[in-house]
Amino acid sequence: MFLKSHFSNDKILMLTEYIVFSIPLVCCFLIHKQWIAISELSALLIIVNLDLKARHSNLNTKLQKLIPDDAFEWKAGLRKQFFIIVPVWIIAALTSFFVGSVPIAIFILGISISTFFEKCEPYQFLWSNELSSKRLLLLKIKRQIQLFSIIVVPLIVLFLLFNFNRWYIPIAEYFLFCSLHIYSIMTKYAFFEPNIKSPAAQVFLNIGGVGLILPIFLPVIWLLTVRFYIKSVNNLNFFLDDYN
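Residue numbers (the working numbering): 635 to 878.
Right, here's the structure in full:
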């Protein structure tokens, strides 16, 4: 978001940034013949050049009706990214016998879903749940894990049927993205302002993406998640004081 706001060639800058950061990793992966990891990094470079918002693909489907009303981020996100999420899921399911298919799909799906929390909702949406700040955040986390699991767990099961000796790859991805999504929720509400995309939140979301690519930074992301949870509670108390 920061790059889009300040530079006309933001995609080139982002691509260059990822390539520079990826060079040491790629060298390490090549030495140890980690082809799946290299494939995931390549997928990330493709994602940089895609408009994941798919602005021209807004539509309503029966999938949105199956999603609980309190998960409005998912309803809006699926409406915008239907032609990314659904084809990726189907292709991964049909090619799950290939060792790299499901891990790459989980990576693309996880990144796509993390964008659901970019924009803050109107404050009336907060009131509609009639929950305290802490209970609202717990509901958001619970719902996120539920819906993400519904999408990803079947792919993991298919992967295990054909590649059980590499069971740890999709499972590790699953927990990494659960961490990233919870972090995204906390970041959104820590800097919550109705109807806007907070520039500060976008910066910290990018930091979360670095933690995903370089797991050595995961402890930092977990610490920030706890810090932002406390900040989110205090921030939401202004809007939900009547329910506390």
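We put the CB at the ideal spot given by N, CA and C, even for glycine.
For residue j and residue i, believed in contact at Cβ under 8 Å, the rounded distance
{"i": "P756", "j": "P828", "result": "5 Å"}
{"i": "S730", "j": "L810", "result": "At roughly 20 Å, the Cβ-Cβ gap does not stay under 8 Å, so S730 and L810 are not in contact."}
{"i": "V867", "j": "L771", "result": "7 Å"}
{"i": "S783", "j": "L870", "result": "Wrong, their Cβ atoms sit about 25 Å apart, outside the cutoff."}
{"i": "W723", "j": "I785", "result": "7 Å"}
Where residue i falls: helix, strand or coil (DSSP)
{"i": "V722", "result": "helix"}
{"i": "I864", "result": "helix"}
{"i": "P849", "result": "helix"}
{"i": "G734", "result": "coil"}
{"i": "K699", "result": "helix"}
{"i": "D685", "result": "With a pLDDT of 48 at D685, under the threshold of 50, the modelled position of that residue is not reliable, and the figure given next carries that caveat. Coil, per DSSP."}
{"i": "A739", "result": "helix"}
{"i": "T729", "result": "coil"}
{"i": "E752", "result": "coil"}
{"i": "D875", "result": "helix"}
{"i": "A710", "result": "helix"}
Pair within 8 Å by beta-carbon distance, residue i and residue j
{"i": "F751", "j": "K822", "result": "yes"}
{"i": "L794", "j": "I701", "result": "no"}
{"i": "A824", "j": "F862", "result": "yes"}
{"i": "I725", "j": "E807", "result": "no"}
{"i": "I841", "j": "I775", "result": "no"}
{"i": "L814", "j": "G734", "result": "no"}
Given residue i as reference, the closest of the options once Cα atoms are compared
{"i": "T859", "options": "L664, F838, A705", "result": "F838"}
{"i": "F717", "options": "I775, I742, K753, M820", "result": "I742"}
{"i": "K709", "options": "I740, I724, I747, G734", "result": "I747"}
{"i": "L760", "options": "V854, K831, A705", "result": "A705"}
{"i": "L857", "options": "F872, N840, M820", "result": "M820"}
{"i": "S818", "options": "L846, I724, R800", "result": "L846"}
{"i": "F796", "options": "T749, L728, S813", "result": "L728"}
{"i": "I738", "options": "L773, N799, I790", "result": "I790"}
{"i": "K753", "options": "I855, P721, F826", "result": "F826"}
{"i": "R800", "options": "F873, D703, F732", "result": "F732"}
{"i": "C812", "options": "P721, I855, K865", "result": "I855"}
{"i": "I864", "options": "R769, I830, G843", "result": "R769"}
{"i": "F872", "options": "Y802, L697, Q758, S832", "result": "Q758"}
{"i": "V787", "options": "V720, G711, V736", "result": "V736"}
Beta carbon proximity, residue i to chain C, threshold 8 Å
{"i": "A834", "result": "In the structure shown, chain C cannot be found, because there is only a single protein chain."}
Problem - Complete alpha helix (DSSP H) runs within the segment 762–835 (minimum length 4 residues, chain order) - result: The qualifying runs are 767–797, 802–824.
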